[in-house]
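Please read the structure below before turning to the comments.
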Ligand code: ADP
Ligand code: MG
């Protein structure tokens with residue numbers, strides 16, 4: 001790959017400026033595309049300027065003065081044949097004062113505003129010209145930039161690489177012509193130097209075919225890279241596991257329920273993967289309460305039956321503990337030893353767990369991220385199950401995978417997520433995983449009734465909690481989220497708890513929050529699960545996975561502050577038993593923002609996790625939804641999954657076609673796009 005430093009004109013100073021934008025190659029420079037454009041192809045008479053409009057004027061400086069009241073500023077008056085315009089600068093260098101001396105001819109571009117001296121432009125772009133300087137014949141690109149790198153520097157640098165040498169087509173013509181997209185060279189050229197007749201709005205909303213071509217290329221690169229990565233991992237060796245003959249039937253016979261058809265379907269998909277001598281890479285998606293745990297357990301049993309160990313990892317202690325209890329309850333009667341491992345357990349107990357895992361005595365290990373620390377040695381790990389996978393970072397998931405990589409064998413991987421992933425997201429960012437979806441809830445659940453209540457009716461709601469508990473139901477009271485301050489959040493939880501205890505002397509009230517010691521947390525959760533507590537005051541720590549079927553009422557205080565998936569997860573804590581459940585969203589009329597209102601409307605009107613996730617994608621964008629800030633997966637830079645959903649479908653099809661028909665192009669195409677530093681690959 002050619003570096004910019006090999007090209008004439010790229011001085012060390014220029015290279016270091018471009019380096020600030022992580023631009024090191026001609027390709028990266030070419031793909032550093034404008035954010036927007038300025039129309040400097042026309043010069044407007046000062047008389048004809050309209051307030052609020054972006055325009056270019058040309059004139060001679062007739063006045064240049066630095067004044068100090070009300071604050072330091074530079075005012076430069078420019079005159080043309082029709083009038084005078086003030087250019088105002090609040091930040092400026094001495095060199096700029098000098099460059100705009102009286103008598104200088106300037107061309108300035110900026111927004112026209114009302115000002116003290118009549119109309120003015122504040123901090124316009126301006127440069128010295130002569131009467132002969134031609135106006136530009138192309139729209140002027142405005143690039144994303146960094147401190148100390150001027151637009152002019154970027155424009156000139158781009159010009160140097162806008163030559164056929166760097167604009168080679170990476171794709172066979174049939175790939176883009178089929179879908180009516182232009183070739184690469186003309187697309188890039190147009191985006192950097194659009195002709196004046198190019199409709200500015202199609203550039204700005206990126207619907208112009210040139211933008212579409214680049215978005216397509218980017219999506220295609222993502223598909224190809226994911227596909228190759230998937231194929232490479234599929235070449236690794238993993239234990240091929242024959243379908244279970246004893247343990248799975250034995251557990252199923254013990255269960256108080258029958259698996260739903262959806263559970264059976266995904267179970268069969270997993271079983272099939274496990275029979276392969278290559279690692280399973282499957283994402284098991286299912287809405288809250290859809291019954292993923294038992295599916296995971298049945299998968300685990302298949303390995304255990306063949307003498308392979310299994311690890312189940314959960315993101316919080318509460319959740320890990322709950323899994324442990326469930327697994328312990330299901331597997332102990334089958335004579336299987338289950339080990340428990342967290343960071344907070346007593347040293348002796350931990351040492352025992354480690355020893356049992358290392359000797360292979362414990363066939364199943366359940367725990368938090370403590371499971372992938374170095375001191376944890378499995379005898380023979382065959383399957384790693386990661387619950388709520390998006391809550392773990394890439395590093396942690398990698399570490400667990402490495403645990404199994406002795407004897408060149410990789411463990412199978414099953415990832416689970418209760419955050420439904422909208423179709424476009426799973427088609428793009430999850431293209432390197434096989435996806436199974438549990439698309440129905442177990443029978444006998446009555447849907448949760450959701451109520452939106454303004455907090456001037458708080459008293460009424462408190463009474464309702466009291467009555468429900470008196471009737472033998474259990475309730476959650478979720479305390480407001482206070483993002484700015486953990487201390488304040490804690491205090492609110494404590495205050496709420498104290499208040500509830502005082503207000504409801506006849507009820508047993510518990511408190512659980514993130515700052516409690518794990519053992520304390522466990523004790524409270526146990527008491528609640530065993531129905532020794534009527535009311536559980538909680539922070540959002542209960543958001544993930546907590547399963548207490550008897551709880552049928554939830555009040556979420558200041559619901560307007562919570563995110564959509566958070567609300568969906570919280571609400572999923574009720575409606576798990578036979579009793580009719582209610583979720584009350586208490587919101588503050590005063591504090592509810594526009595977005596908050598939009599979220600409450602979505603959660604009130606919908607129960608389907610996929611619909612909610614789709615709305616969440618629109619409100620928050622893919623980065624937040626994927627939790628990529630933690631996992632470090634870079635985002636698409638050009639394509640937008642909402643806007644370019646159709647291109648994504650094309651990219652997926654063309655990726656297949658290209659791999660089959662023109663593998664040599666695949667490499668060339670990836671070289672261009674991966675030089676962007678983008679690695680879409682997930683672990
Ligand atoms: P999630 O998918 O949110 O992890 P869980 O696995 O915790 O859901 O299951 C939620 C509840 O549903 C649990 O109490 C579980 O025992 C129960 N459950 C799971 N599958 C079934 C089924 N087929 N029929 C009835 N109840 C089920
Ligand atoms: Mg779960």
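Numbering (full-length UniProt numbering), first residue to last: 1 to 683.
From the three backbone atoms N, C-alpha and C, an ideal C-beta is built for every residue, glycine too.
In the three-state DSSP reduction, residue 308 falls in the coil class, being neither helix nor strand.
Remark: the C-beta of residue 549 is in contact range of ligand 1, defined as less than 7 Å to any heavy atom. Taken through DSSP and simplified to helix, strand or coil, residue 128 comes out as strand.
The region 375-385 makes contact with the region 344-362; the number of CB pairs closer than 8 Å reaches 3 or more. As computed with DSSP, residue 244 is found in no beta bridge at all. When the Cα atoms are used, residue 571 and residue 123 turn out to be separated by approximately 51 Å.
In the DSSP annotation of this structure, the continuous segment of the alpha helix (DSSP H) that includes residue 152 starts and ends at 151-161.
For residue 594, the closest of 611, 563, 461, 612 by C-alpha to C-alpha distance is 563.
Relative to residue 155, the option among 319, 498, 408, 191 whose CA is nearest is 191. Between residue 533 and residue 509, the gap from beta carbon to beta carbon is short of 8 Å. The secondary-structure analysis by DSSP pairs residue 587 across a beta bridge with 454. With a contact defined as Cβ atoms closer than 8 Å, residue 290 and residue 438 qualify at about 4 Å. Under the three-state reduction of DSSP output, residue 42 falls in the coil class, being neither helix nor strand. When secondary structure is reduced to three states using DSSP, residue 384 falls in the strand class.
Counting only residues of its own chain and dropping the five nearest sequence neighbours on each side, residue 9 has a CB closer than 7 Å to the CB of 160.
Assigned with DSSP and collapsed to three states, residue 188 falls in helix. Listed in chain order, the alpha helix (DSSP H) runs fully inside the region 250-322 are 261-275, 292-305, counting runs of at least 4 residues. Contact annotation: residue 51 and residue 142 have beta-carbon atoms that are not nearer than 8 Å. One thing to note: residue 322 has its Cβ no nearer than 8 Å to the Cβ of residue 655. Relative to residue 578, the option among 88, 447, 254, 237 whose CA is nearest is 447. Following the DSSP letters along the chain, one finds residue 216 in no beta strand (DSSP E) but inside the alpha helix (DSSP H) bounded by residues 209-234. Contact annotation, residue 295 with residue 248: C-beta distance approximately 11 Å; criterion of less than 8 Å not satisfied.
Rounded to the nearest angstrom, the gap between the Cα atoms of residue 512 and residue 320 is 16 Å. Taken in chain order, the whole beta strand (DSSP E) runs of length 3 or more contained in the region 54-81 are 54-67, 73-79. In the DSSP assignment, residue 238 falls outside any beta strand (DSSP E), carrying neither H nor E.
For residue 140, the secondary structure class from DSSP, reduced to helix, strand or coil, is strand. Across the structure, residue 130 and residue 105 are spaced so that their CA atoms are roughly 6 Å apart. Secondary structure note for residue 595: its alpha helix (DSSP H) is the uninterrupted segment 594-605. In the DSSP assignment, residue 513 falls outside any beta strand (DSSP E) and carries neither an H nor an E. Exposed is the label assigned to residue 605, since fewer than 16 other Cβ atoms lie within 10 Å of its Cβ. The residues 239, 380, 382, in chain order, have a CB closer than 6 Å to that of residue 308 in the same chain once the five nearest residues on each side in sequence are set aside.
Put simply, the region 195-214 does not touch the region 661-672. Fewer than three CB pairs are less than 8 Å apart. Beta-bridge pairing by DSSP links residue 476 to 536, 554. Around the beta carbon of residue 110, a 10 Å sphere encloses 16 or more other beta carbons of the protein chains shown; the residue is thus reported as buried. DSSP, reduced to helix, strand and coil, places residue 428 within a helical segment of the structure shown. Straight-line spacing of the CA atoms in residue 254 and residue 313 works out to 24 Å.
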